[in-house]
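Take a look at the structure below.
Chains as they are written, first to last, in this note's numbering: chain L, 1 to 395; chain R, 1 to 290.
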């Protein structure tokens, strides 16, 4: 396709979420994939194995998930946009290197297609039980950027968004969806090359001697040189100074910890916005994400048809948690119904952010089946019947 | 091919002198290993901008902080996996993995054998001091049987790994063993390993007087170093009594003790030609990579 071509139409295709993820990654400029087979994420690896060699990229199947994320970090330091994809058990193994990538500030994208857990759990069934693992799975204080798409189209869009955020913030970004989204085939509109906003990491421009890979003197994300370009520097998982060398200086460590931990929080404006529906006069709000969000949207419409003033709030970015938005939602509703496919994880965050302004009730399901609109509708009806309740209850 | 010892003396340019003093204990053999590697690089006139050194966790892995290359100090045992990703992204770089016996053969054993199997163009130098030094002298998968460590106060009941045989079996296309007592032959081994296309593995016997030596009353670092000179006999003794390595001798002579040959071979132990992974990938994709 030459530069002279104008108005190249977008490609429209019927794609599984996992296929849309691979296409989004390629569109975002990802040229390296390392992974280990695991249901229900394997189609991402399979698609990347087919696509990457044709575009000058590299696909490699590693010996385990620990090695997969290690190779991704190594490739990213080599200057390639890189990703891996897995499911809960593999995501657990990757946590060691999620922390490394956070601490060493290496951009990369990790897809976790959630299945039933714990342990081997339900390999071919959906769940949303990794939302806390995505936030707190690795040890130590660290930033977390976690996006939760709810359709094949959104998987495509947010995969691009995940790479952009990873490059802009110099941090791993986690794309979190479940087995239903992974395998559901839907229409996906993919803009032609050049039709998407694609971000690149900041690279150093100054002298080799003056390069400080961990200095954010101007308040920006520090530039990251790639290995082999003349900027010789040190990368470590140890607490380090601005040059990247180990330090035990409490003042240096303290400020580095705060800067790195706060990266996601300070850049909320870059996160994808939440979806809101019928919230203006809502008395009952439904908070849901991913596939549960789609069921919740239907439930809210059904509730409205019955005359219940229900509204819908679906964060596309789960972490950093939308504290202010949830607080504002809670301020003008009687109750918030949290619908999620686990035994209660984000509900605690909703309760915390609601600050006691609204009753918080759960509509929880953790049996390998997707949550149904009828279940959420029933929870909304119950909350509506209870009338103006005070306080907060979980479960 | 012997290394160029004149240019090799310029190895100091590869050191981050400002990071000295280093954290290694008095008598530790690791500096000898690093010195041999850096002399080999200097002897080949290697541009430091074209070298990336990747290490795991442990005393030997900390050495990457003191060398003026692009250096990546990773997680425990995972250096070969990080190095694999880096080499795939930048095949033109000389990617060198530094690892220890615990790092490379226990927690990272899986990554090491798979890197060898892939024959990806990495040089992996394994510092074998038979113990976990960084954490205070605990049992390693290379600790000889019956030897004492912090976690084997009554003597180790497990046999040790022979790293070179393991890596040969895994598919490494260059396998060698050196010792700190013989730094010049070690430098030659390093030079040949650097010239090798494919996965090169160099195990170096080094000494930890601070823990392994102290727990087993092996003397000072210098005494432990000199003891390497008696290694054939010492190894023969271990073979007979302590199964440091599997006995290769056939027949009853080995058990009788009189005919036991040294089981610990030194020098280049294995070399073969096999397609290197990044080159194979480039060929398979029709040279699509830039």
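Virtual Cβ for every residue (Gly too), placed ideally from N, Cα, C.
Distance CB(residue i)-CB(residue j) smaller than 8 angstroms
i                      : j                      : result
residue 315 of chain L : residue 351 of chain L : no
residue 242 of chain L : residue 215 of chain L : yes
residue 49 of chain L  : residue 62 of chain L  : no
residue 244 of chain L : residue 204 of chain L : no
residue 296 of chain L : residue 286 of chain L : yes
residue 90 of chain R  : residue 227 of chain L : yes
residue 36 of chain R  : residue 14 of chain R  : no
residue 115 of chain R : residue 80 of chain R  : yes
residue 88 of chain R  : residue 54 of chain R  : no
residue 234 of chain L : residue 71 of chain R  : yes
residue 94 of chain R  : residue 46 of chain R  : yes
residue 120 of chain L : residue 143 of chain L : no
residue 364 of chain L : residue 131 of chain L : no
residue 163 of chain R : residue 199 of chain R : no
Separation of residue j from residue i, as counted between CA atoms
i                      : j                      : result
residue 43 of chain L  : residue 162 of chain L : 19 angstroms
residue 168 of chain L : residue 95 of chain L  : 22 angstroms
residue 141 of chain L : residue 86 of chain L  : 23 angstroms
residue 211 of chain R : residue 59 of chain R  : 12 angstroms
residue 108 of chain R : residue 134 of chain R : 16 angstroms
residue 280 of chain R : residue 125 of chain R : 24 angstroms
residue 78 of chain R  : residue 218 of chain L : 34 angstroms
residue 82 of chain L  : residue 305 of chain L : 46 angstroms
residue 239 of chain R : residue 206 of chain L : With a pLDDT of 42 at residue 239 of chain R, under the threshold of 50, the predicted position of this residue should be treated as unreliable, and no value is reported.
residue 266 of chain L : residue 198 of chain L : 21 angstroms
residue 360 of chain L : residue 8 of chain L   : 48 angstroms
residue 22 of chain L  : residue 158 of chain L : 11 angstroms
residue 284 of chain R : residue 282 of chain L : 59 angstroms
residue 28 of chain R  : residue 213 of chain R : 10 angstroms
residue 135 of chain L : residue 17 of chain R  : 40 angstroms
Beta-bridge partners of residue i, as assigned by DSSP
i                      : result
residue 246 of chain L : L:240
residue 319 of chain L : L:146
residue 203 of chain R : R:126, R:177
residue 81 of chain L  : L:30
residue 152 of chain R : R:149
residue 15 of chain R  : R:67
residue 152 of chain L : Bridge partners of residue 152 of chain L: none, in fact.
residue 363 of chain L : L:339
residue 397 of chain L : The shown model of chain L, from 1 to 395, leaves out residue 397 of chain L, and the question about it has no answer.
residue 13 of chain L  : L:188
Residue interval of the alpha helix (DSSP H) (run including residue i)
i                      : result
residue 50 of chain R  : Where residue 50 of chain R is concerned, there is no enclosing alpha helix (DSSP H), given that its DSSP letter is neither H nor E.
residue 17 of chain L  : 17 to 28
residue 268 of chain R : Not the alpha helix (DSSP H): residue 268 of chain R falls in the beta strand (DSSP E), residues 267 to 271.
residue 45 of chain L  : 42 to 51
residue 313 of chain L : Here residue 313 of chain L belongs to no alpha helix (DSSP H); instead the beta strand (DSSP E) covers 310 to 314.
residue 38 of chain R  : 30 to 43
residue 110 of chain R : 109 to 118
residue 164 of chain R : 163 to 170
Beta-carbon contacts of residue i that lie in its chain and below 7 angstroms, excluding the five residues immediately before and after
i                      : result
residue 139 of chain L : 99
residue 23 of chain R  : 62
residue 325 of chain L : 274
residue 64 of chain L  : 36, 93
residue 277 of chain L : 297, 300, 311, 312
residue 243 of chain R : In this predicted model, residue 243 of chain R has a pLDDT of only 41, less than 50, meaning its place in the structure is not dependable enough to derive any value.
Other residues of its chain near residue i: CB distance less than 8 angstroms, five sequence neighbours each side excluded
i                      : result
residue 124 of chain L : 39, 40, 115, 179
residue 380 of chain L : 284, 286, 299, 300, 303, 308, 310, 337
residue 387 of chain L : 334
N-terminal and C-terminal residue of the beta strand (DSSP E) that residue i is part of
i                      : result
residue 124 of chain L : 122 to 126
residue 129 of chain R : Careful: residue 129 of chain R lies outside any beta strand (DSSP E) and carries neither H nor E.
residue 172 of chain L : 172 to 178
residue 61 of chain L  : 58 to 61
residue 95 of chain R  : 94 to 100
residue 108 of chain L : 108 to 116
residue 300 of chain L : Where residue 300 of chain L is concerned, there is no enclosing beta strand (DSSP E), although the alpha helix (DSSP H) it sits in stretches over 290 to 305.
residue 190 of chain L : 185 to 190
residue 277 of chain L : 275 to 277
6 angstroms Cβ shell around residue i - same chain, five flanking residues per side excluded
i                      : result
residue 9 of chain R   : none
residue 60 of chain L  : 34
residue 109 of chain L : 83, 162, 163, 166, 173
residue 113 of chain R : 170
residue 218 of chain R : 224
residue 201 of chain L : 107, 167, 224
residue 228 of chain R : 179, 181
Contact test: residue i Cβ vs the ligand FMN heavy atom, cutoff 7 angstroms
i                      : result
residue 196 of chain L : Because no ligand of any kind appears in the structure shown, any question about the ligand FMN cannot be addressed here.
Chain B residues whose Cβ lies nearer than 7 angstroms to that of residue i
i                     : result
residue 77 of chain L : Absent here is chain B; the protein component of the structure consists of chains L and R.
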